[in-house]
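Here is the structure we will look at, set down as structure tokens.
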Amino acid sequence: MRRFFSRDAAKELGFFVNKQVFRLQNEYTKRDGGTPRSRAALARLRRDLDGGAPAWMLIGGDLFEGWPENLPSPDEDPAALRALKTTLELYALHQQSRSRGVAQNAESARTKRMTFGRACRLIDPDLDHAGGVQRNLSSAEAAPDFEGVVRSVRALIMLMRGAGDGAIVLDYRSLAQDLYQVQFPDAREDVFQRWSMDYYSKSAITQ
């Protein structure tokens with residue numbers, strides 16, 4: 007079991023999550039309402055986010071199919087599995103009933119990655135009126151465990167869904183890497199420093 011944060015593992019995990027997310031997104035957005043398979047997959051993942059015992063035989067294909075050789079197995083690195091599972095579930099929540107993809111595409115990400123902190127700033131760019139966003143970010147940082155962080159991240163994803171025309175996109179590759187890193191005490195602080203910098207920086211609201 008891995009005890010220290012690995013940037014190489016985080017990088018591989020990010021690539022794998024992106025692959026899984028865009029497989030779902032491409033199917034779900036290519037026709038009205040998505041394909042039956044994509045609708046079922048997103049529904050499974052959303053259900054699992056509600057906190058019950060995971061239905062592994064139902065969501066296993068969404069998680070483990072195509073697991074890369076360069077990424078340690080889930081037994082060797084359970085933090086990678088938790089980050090993968092949670093990121094896909096959060097994506098499923100964000101994408102629900104949206105005809106446009108909510109995961110930032112690669113072309114857009116090359117210009118400016120829509121990291122979690124930047125996406126949170128877009129919920130309400132006026133900092134004087136963004137108390138709810140800031141409270142959730144602070145709650146994530148203060149959370150004593152991974153589940154607490156996820157609860158706050160989920161609340162912020164819901165705010166993204168309800169903001170304006172609901173057009174906020176998110177770089178889920180970056181989020182997966184953050185959710186992996188935050189599980190390691192030696193590297194956890196770096197995640198919240200990055201979120202804070204991206205949230206408060208002017209670059210969050212400029213193109």
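For what it's worth, our numbering labels the leading residue of the sequence shown as 7, then goes sequentially.
The C-beta atom is built at its ideal place from N, Cα and C for all residues, glycine as well.
Note that the structure is a prediction, hence the values are computed from the model and not measured.
Label W201 either buried or exposed according to how many other C-beta atoms from any shown protein chain fall within 10 Å of its C-beta, with 16 as the threshold for buried.
-> The residue labelled residue 201 in the question sits at position 195 within the sequence shown. By the neighbour-count criterion, in which a residue is buried when 16 or more other Cβ atoms sit within 10 angstroms of its Cβ, W201 is buried.
Are the beta-carbon atoms belonging to L2 and S44 less than 8 Å from one another?
-> No answer is possible for residue 2: it lies beyond the span of the chain, which begins at 7 and ends at 213.
C-alpha gap between M63 and A49, whole angstroms | Here residue 63 refers to the residue found at position 57 of the sequence shown. Here residue 49 refers to the residue found at position 43 of the sequence shown. Just so you know, the alpha carbons of M63 and A49 end up roughly 15 Å apart.
L77 (DSSP reduced to helix, strand or coil) = For the purposes of this step, residue 77 is identified with residue 71 of the sequence shown, where counting begins at 1. Shown here, L77 sits in coil according to DSSP, grouped into three states, outside any helix or strand.
Once you ignore the five residues that flank N142 on each side, which residues in its own chain have a CB closer than 7 Å to its CB?
-> As a working note, residue 142 is residue 136 in the sequence shown. Excluding residues up to 5 positions away in sequence, S158, A161 and L162 lie with their Cβ nearer than 7 Å to the Cβ of N142 in the same chain.
Residues near K91 by beta carbon distance below 8 Å, same chain, minus five either side | Counting from one through the sequence shown, the residue named residue 91 turns up at place 85. Result list for K91: D54, P60, I65 and L69, in chain order.
How big is the Cα-Cα spacing for E195 and S144?
-> Walking along the sequence shown from the start, residue 195 turns up at place 189. Walking along the sequence shown from the start, residue 144 turns up at place 138. If you draw a straight line from the Cα of E195 to the Cα of S144, it comes to about 12 Å.
Measuring alpha carbon to alpha carbon, tell me which of V197, Q189, K208 and D132 ends up nearest D83.
-> Walking along the sequence shown from the start, residue 83 turns up at place 77. Measuring from the Cα of D83, the nearest candidate turns out to be Q189.
K118 to S180, Cα distance in whole Å?
-> Taking the first residue of the sequence shown as position 1, residue 118 is located at position 112. Taking the first residue of the sequence shown as position 1, residue 180 is located at position 174. Cα to Cα, the separation comes out at about 12 Å.
Could you tell me whether the region 16-36 touches the region 100-119, where touching means 3 or more Cβ pairs closer than 8 Å?
-> Flag = yes, the region 16-36 and the region 100-119 touch.
Taking R146 as the reference, give the member of H135, C126 and D192 with the closest Cα.
-> Position 140 of the sequence shown holds residue 146. Going by the sequence as given, residue 146 is Ala instead of Arg. Closest by alpha carbon: C126.
Thinking C-alpha only, which one of Q187, T93 and Q140 is nearest V23?
-> Indexing the sequence shown from 1 puts residue 23 at position 17. Of the listed residues, the one whose Cα sits closest to V23 is T93.
Could you check where the alpha helix (DSSP H) with T117 kicks off and where it finishes?
-> Along the sequence shown, read from residue 1 onward, the residue named residue 117 stands at position 111. For T117, the enclosing alpha helix (DSSP H) stretches over residues A112 to T117.
Smallest Cα separation from A16: which of D134, F28 and Y178?
-> As a first step, residue 16 is located in the sequence shown; it is residue number 10 there, counting from the start. The shortest CA-to-CA distance from A16 to any of D134, F28 and Y178 is the one to Y178.
For F10, which residues from the same chain have a beta carbon less than 7 Å from its beta carbon, with the 5 sequence-adjacent residues on both sides left out?
-> To locate residue 10, count along the sequence shown from 1; it is residue 4. Correct list, in chain order: F190 and D192.
Look at the alpha carbon of M166 and the alpha carbon of A85, and state the distance between them as a whole number of angstroms.
-> Taking the sequence shown and counting its residues from 1, the one referred to as residue 166 is at position 160. Taking the sequence shown and counting its residues from 1, the one referred to as residue 85 is at position 79. Cα-Cα distance, rounded: 26 Å.
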